[in-house]
Amino acid sequence: MEQIQIIDSKKHVGETVTIGAWVANKRSSGKIAFLQLRDGTAFFQGVVVKSEVPEEVFQTAKNLSQETSILVTGEIREDSRSKFGYEIGITNIEVVSESHDYPITPKEHGTDFLMDHRHLWLRSSRQHAVMQIRNEIIRATYEFFNNNQFVKIDPPILTGSAPEGTTDLFETNYFDQKAYLSQSGQLYMEAAAMAFGKVFSFGPTFRAEKSKTRRHLIEFWMIEPEMAFTHQEESLEVQEQYVAFLVQSVLDNCEYALDVLERDKEVLKTYTKLPFPRITYDDAIELLKKNGFDDIEWGDDFGSPHETFIANSFEQPVFILNYPKAIKPFYMKPHPTREDVVICADMIAPEGYGEIIGGSERATDYDFLLEQIKSHGLDEKEYSWYLDLRKYGSVPHSGFGLGLERTVTWISGIDHVREAIPFPRLLNRIYP
Ligand code: 4AD
Ligand code: MG
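Written out as structure tokens, the structure is:
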């Protein structure tokens with residue numbers, strides 16, 4: 001008898017197999033027991049018929065409590081009525097370890113309670129589905145960038161630089177110096193682009209943001225591509241191709257997870273159509289004003305109602321181009337004919353999910369950057385290595401950062417970014 005994972009059912013229809021599983025739920029009558037099982041790869045049904053198994057097997061099945069771990073043996077058969085499509089006709093059950101008073105019962109629980117039990121909540125079918133989608137997005141990210149000749153480069157996590165401003169830094173001691181947890185690997189990726197051409201990073205980033213919203217995590221994962229000899233327009237093309245590829249990969253490989261989450265696949269398909277619309281910051285402000293938003297002026301950053309309104313006007317991911325210089329980081333390339341804006345773009349996801357990408361063309365001029373570093377109150381000495389990149393063969397280059405969890409939240413169609421990462425770090429929450 002072979003021990004398999006239920007996800008491989010297709011290859012084993014009609015065979016008797018053994019599966020290591022946990023009991024998610026159970027229903028039984030005097031004659032038959034239906035076990036809702038999960039083995040880590042999927043949720044599936046096990047059926048125990050009293051008249052077909054030894055009496056003690058049926059009694060074991062009837063007495064199983066939620067989250068008891070078992071080795072279950074039986075025949076794999078097709079089951080067209082279930083979402084999963086296969087079930088197991090159980091002939092034997094061996095209890096591995098009993099579970100009593102499992103805190104997360106099939107009834108509704110409040111969010112705080114579930115977050116306190118995140119280590120167990122991860123076992124539930126919706127959380128499982130979201131993590132499968134996250135995994136697919138990670139897999140597809142490597143596929144996309146490998147296919148397009150990007151080299152994966154790992155920037156440091158402990159750093160001395162603050163590319164995205166000094167307000168939300170996590171400071172730590174680095175022997176007798178100050179260090180920060182990385183907000184973004186970008187500056188290092190710029191150095192890497194000058195060494196390898198096209199590069200991408202994929203790692204954790206940290207922001208001590210005091211905002212408690214559906215979109216903000218304190219620790220989140222970012223994919224940061226950087227491309228030498230590349231202007232903004234080509235970078236936007238890479239961005240839209242990458243995002244469309246992620247959506248298509250989830251559609252192709254996560255059908256079951258999308259069904260568990262009741263995500264509308266027809267809607268997702270519309271996000272694979274290229275190009276994505278583009279609107280300038282100026283026009284976006286005008287659009288908002290025309291539609292009754294009197295709480296925003298040219299020069300302000302968008303809040304989430306603004307982003308949602310703009311995104312809803314297009315029903316696709318949309319690029320907002322050329323924000324005011326004053327509200328963007330120091331490294332962005334100035335616009336050739338306008339002093340007040342920079343060459344940058346944010347990609348706003350549809351359906352109210354907000355910004356998923358921030359990117360720009362980078363300033364290439366040494367003197368301009370030095371001036372910027374000073375005027376942003378940054379220490380020139382700490383950025384001298386970065387300025388070197390403009391001293392020794394500076395080239396036009398562009399890059400962007402995609403927030404993994406915001407993208408998972410959007411593609412999964414869930415409400416809150418805290419469910420898009422296994423163990424979210426939130427304002428005032430570092431447990432479990
Ligand atoms: O727009 P941001 O701040 O851009 C950068 O960090 C650039 N240095 C990236 C680059 O050009 N290499 O962040 C990029 C993305 C955002 O669009 C968002 O998706 C995500 O990172 N993000 C967050 N996700 C979750 N929680 C937070 N607190 C986030 N802050 C940013
Ligand atoms: Mg941003």
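Numbering of the sequence shown is given in the UniProt record's numbering, commencing with residue 1 and proceeding in unit increments. Glycine included, C-beta positions come from ideal geometry on N, C-alpha and C.
Using a cutoff of 7 Å, the CB of His12 does not count as near the ligand 4AD, since none of the ligand's heavy atoms is closer than that. A Cβ-Cβ contact shorter than 8 Å links Gly401 with Gly358.
Beta-bridge analysis with DSSP links Leu402 to Ile223 and Ile357. When C-alpha distances from Glu56 are compared across Ile90, Lys325, Leu321 and Phe144, the shortest belongs to Ile90. For Ile70 and Thr60, the gap between their C-alpha atoms comes out near 10 Å.
Contact annotation: Gln36 and Asp79 have beta-carbon atoms that are not nearer than 8 Å.
Contact between Glu405 and Ile421 holds, since their C-beta atoms are separated by about 5 Å, short of 8 Å.
Separation of Ala195 and Gln232 (C-alpha to C-alpha, rounded to the nearest whole angstrom) is 20 Å.
Non-local beta-carbon contacts of Lys31 in its own chain, meaning distances under 6 Å to residues more than five positions away in sequence, involve Lys50 in chain order. Residue state for Phe368 is assigned as helix, using DSSP reduced to three classes. The stretch 250 to 259 makes contact with the stretch 128 to 147, as at least three CB pairs between them are under 8 Å. A straight line joining the alpha-carbon of Arg215 with that of Asp300 spans about 19 Å.
Across the set Thr272, Phe293, Ile157 and Glu98, the C-alpha of Thr272 shows the shortest separation from the C-alpha of Gln239. Shown here, Ser51 sits in a helix according to DSSP, grouped into three states. Judged by DSSP secondary structure, Ile19 falls outside any alpha helix (DSSP H) and instead within the beta strand (DSSP E) spanning Thr16 to Ser28.
The three-state secondary structure of Val57, taken from DSSP, is helix.
In this structure Thr407 is in contact with Leu246, their Cβ atoms being roughly 7 Å apart against a cut-off of 8 Å.
Looking at Lys107, Lys328 and Asn25, the one whose alpha-carbon comes closest to that of Ser99 is Asn25. Between the beta-carbon of Cys344 and that of Asn312 there is about 22 Å, and that puts the pair past the 8 Å contact cut. Just measuring C-alpha positions, the residue of Asp8, Ser82, Asp39 and Lys11 sitting nearest Val23 is Asp39.
Taking Ser28 as reference, the option from Thr41, Trp221 and Asn63 with the minimal CA-CA separation is Asn63. Taking 3 residues as the minimum length, the beta strand (DSSP E) runs contained wholly in the stretch 317 to 354 are 318 to 321 and 344 to 349, in order along the chain. For Phe314, the shortest separation between its Cβ and any heavy atom of the ligand 4AD does not lie below 7 Å. For the pair Gly185 and Ile414, the Cα-to-Cα distance works out to about 28 Å. Every residue whose beta carbon comes nearer than 6 Å to a heavy atom of the ligand MG appears here in chain order: Asp346, Glu355 and Gly358. Per DSSP, Phe202 is one residue of the beta strand (DSSP E) stretching across Lys198 to Phe206. The residues Ser304, in chain order, have a CB closer than 8 Å to that of Thr213 in the same chain once the five nearest residues on each side in sequence are set aside. Taking 8 Å as the upper bound for CB-CB distance, Pro204 and Ile157 are in contact here, some 7 Å apart.
Boundaries of the alpha helix (DSSP H) harbouring Ala257: Glu255 to Val260, taken from the DSSP string. Of the candidates Arg390, Gln183 and Ser375, the residue whose Cα lies closest to the Cα of Ala363 is Arg390. Check the Cα spacing between Ile93 and each of Glu75, Ser82 and Asp101: the tightest is with Glu75.
For Gln36, there is no enclosing alpha helix (DSSP H); the enclosing beta strand (DSSP E) has its first and last residue at Ile32 to Arg38. Here Phe145 has Phe200 as same chain residues with Cβ atoms under 6 Å from its own Cβ, once five neighbours each way along the sequence are excluded.
Look at Phe220: its beta carbon is less than 7 Å from one of the heavy atoms in the ligand 4AD.
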